[in-house]
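J.: The sequence shown begins at 1 in full-length UniProt numbering and counts up one residue at a time. We put the CB at the ideal spot given by N, CA and C, even for glycine. Computed from a prediction, not measured in an experiment: that's the story for all the values here. Below is one structure. I have some questions about it.
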Amino acid sequence: MLSFLTIQGRPVFVEEKDFRRYVIVSLLSIFALIVHLFLICVFWLIGAIELSVINVGSVLIWSAGLYINIKGKHDLAILLLCFEVMIHAVLATSYLGLGAGFQHYLWAIAALAVLNTRLNTLFAGLFSFLFIMIFACLYLIFSEVQYSYRFAQWLEWVHFANILVAGLPFIIALVAIRFITVVQEARLSELASVDSLTGLYNRRFATDAANKILKRAARLNEPVSIVIGDIDFFKEVNDRAGHEVGDAVLKRTGLFLREQFREEDVVARWGGEEFLIVLPGMTGDTAFRKIESVREQFVDKFEEDNPLDLITMSFGVTECQPGSVFKDSLRVADHAMYASKEKGRNCTTLSPPARV
Numbered sequence: 001m002l003s004f005l006t007i008q009g010r011p012v013f014v015e016e017k018d019f020r021r022y023v024i025v026s027l028l029s030i031f032a033l034i035v036h037l038f039l040i041c042v043f044w045l046i047g048a049i050e051l052s053v054i055n056v057g058s059v060l061i062w063s064a065g066l067y068i069n070i071k072g073k074h075d076l077a078i079l080l081l082c083f084e085v086m087i088h089a090v091l092a093t094s095y096l097g098l099g100a101g102f103q104h105y106l107w108a109i110a111a112l113a114v115l116n117t118r119l120n121t122l123f124a125g126l127f128s129f130l131f132i133m134i135f136a137c138l139y140l141i142f143s144e145v146q147y148s149y150r151f152a153q154w155l156e157w158v159h160f161a162n163i164l165v166a167g168l169p170f171i172i173a174l175v176a177i178r179f180i181t182v183v184q185e186a187r188l189s190e191l192a193s194v195d196s197l198t199g200l201y202n203r204r205f206a207t208d209a210a211n212k213i214l215k216r217a218a219r220l221n222e223p224v225s226i227v228i229g230d231i232d233f234f235k236e237v238n239d240r241a242g243h244e245v246g247d248a249v250l251k252r253t254g255l256f257l258r259e260q261f262r263e264e265d266v267v268a269r270w271g272g273e274e275f276l277i278v279l280p281g282m283t284g285d286t287a288f289r290k291i292e293s294v295r296e297q298f299v300d301k302f303e304e305d306n307p308l309d310l311i312t313m314s315f316g317v318t319e320c321q322p323g324s325v326f327k328d329s330l331r332v333a334d335h336a337m338y339a340s341k342e343k344g345r346n347c348t349t350l351s352p353p354a355r356v
């Protein structure tokens, strides 16, 4: 059910821009099919055989509407279903009278009619208003029709039930819209914060997260360490083996780094072949030992499949002073990383904290 409500679960014929309409029409179609199947039995039971047969036709029409909707023809499906409800409401009221309450379904279909994008906004509004007009006209045309079938003593409860059931499509549509909106907003937020190649956080998100972590650490007097890592000889691998190999190295590195750290740690692609790691609650010495272990595992990870036998990483580590600014600690970690490069690469350098 949840995958059905996500953009990944949409059928191939449904365009992304029409996804909400597709979900709403599909859910309402399934709901209406259940209602009409139930009504076939109810009408047969009370002796309204004609209405029972009419509801068989309604089941076929809603099934066709669901199929058309899945095929991406949402406007045609909406048009078909709107007219089915209109005809059904008129016929049911003409047979059973206003006391049965089948006219209330016109309110629900008036809301669905607005989703027909083949009509401009004005005409869609007028199309929707048409069903409200029909609702009002039923009170003029069928005001004297009396219920003449079995179980008349239950008529008030039937009217009550029809009011409730006619209101459910509004709730179904609004819940679906809310769910889809929440999922899409979360997806957009993820896309805005994640580097598409490595799957790690991007520079913007990492900067915001690091600043928040440092502020919290200063308030609680907790240590924080900043790490900059760089893939050694990456430019040479890119130039000699090609950008596809380079991208593959970045992806593998991103996956590897993501697996090495805690959930509360921030691991980001800082730019190019550089990576930022923020380690809340870790002193410089603890962070140094952790990064050294990661560096050694990285070498082992690439040992069997190492393009040009060049892939290793150099790291720079620094512990942030209480009240320090992120950009200052970042600069210190960056200098420490370049010190690792000067030492011959494939090593880790711990630098004293930046002065506050």
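Compute the Euclidean distance between the alpha carbons of residue 175 and residue 159, then round it to the nearest angstrom.
T.: Taking the straight line from one Cα to the other gives about 25 Å.
J.: Taking only runs of the beta strand (DSSP E) that begin and end inside the UniProt domain "GGDEF" (222 to 353), which ones reach a length of at least 3 residues, in chain order?
T.: Entirely contained in the UniProt domain "GGDEF" (222 to 353), the beta strand (DSSP E) runs reaching 3 residues are, in chain order, 224 to 231, 266 to 271, 274 to 280, 313 to 319 and 348 to 351.
J.: Taking the continuous alpha helix (DSSP H) assigned at residue 44, which residues delimit it?
T.: Looking at the DSSP string, the run of the alpha helix (DSSP H) that includes residue 44 is 19 to 46.
J.: With respect to the alpha helix (DSSP H) encompassing residue 216, which residues constitute its N-terminal and C-terminal limits?
T.: Start and end: 203 to 220.
J.: Determine, using beta-carbon pairs with one atom in the region 112 to 125 and one in the region 134 to 151, whether at least three such pairs fall under 8 Å.
T.: Short answer: they don't touch.
J.: Please state the DSSP three-state secondary structure of residue 158.
T.: The answer is helix: DSSP assigns residue 158 an H, G or I state.
J.: Is residue 36 near residue 58, with beta carbons less than 8 Å apart?
T.: Result yes, Cβ atoms of residue 36 and residue 58 sit closer than 8 Å.
J.: When you compare only the Cα positions, how much space is there between residue 377 and residue 292?
T.: Look at the range of the chain in this structure, 1 to 356, and you will see that residue 377 is not part of it.
J.: Going by DSSP, what residue range makes up the alpha helix (DSSP H) through residue 75?
T.: That run of the alpha helix (DSSP H) goes 74 to 96.
J.: What residue from 152, 24 and 148 has the CA that sits closest to residue 181's CA?
T.: Among 152, 24 and 148, the Cα nearest to that of residue 181 belongs to 24.
J.: Counting C-beta neighbours from all protein chains within 10 Å, is the total for residue 1 16 or more, i.e. buried, or is it exposed?
T.: Reliability fails at residue 1, whose pLDDT of 49 lies under 50, so the model's placement of it is uncertain and the value that follows must be treated cautiously. So residue 1 ends up on the exposed side.
J.: Using the beta-carbon count (16 or more within 10 Å), is residue 221 buried or exposed?
T.: Residue 221 should be labelled exposed.
J.: Check whether the Cβ atoms of residue 312 and residue 351 lie closer than 8 Å to each other.
T.: In this structure, residue 351 does not lie closer than 8 Å to residue 312 by Cβ.
J.: Can you find the residues in the same chain that come closer than 7 Å, C-beta to C-beta, to residue 94, ignoring five residues on each side of it along the sequence?
T.: Cβ within range, chain order: 142 and 145.
J.: Could you work out which residue in 41, 28, 46 and 322 is closest to residue 147 when comparing CA atoms only?
T.: Here the closest residue by C-alpha is 46.
J.: Let's test the definition: count the other Cβ atoms within 10 Å of the Cβ of residue 280 and tell me whether it reaches 16, buried, or not, exposed.
T.: Buried, by the Cβ-count rule.
J.: Is residue 56 helix, strand or coil by DSSP?
T.: Reduced to three states, the DSSP call for residue 56 is helix.
J.: Please tell me whether residue 202 and residue 189 are closer than 8 Å, where the distance is taken between their beta carbons.
T.: The answer is no: Cβ separation not under 8 Å.
J.: Check this for me: beta carbons of residue 295 and residue 348, under 8 Å apart or not?
T.: Yes, the Cβ-Cβ distance between residue 295 and residue 348 is below 8 Å.
J.: Please report the Cβ distance between residue 284 and residue 225, rounded to the nearest whole angstrom; I am assuming they are in contact, meaning their Cβ atoms lie under 8 Å.
T.: With 8 Å as the limit, residue 284 and residue 225 qualify as a contact, their Cβ atoms being about 6 Å apart.
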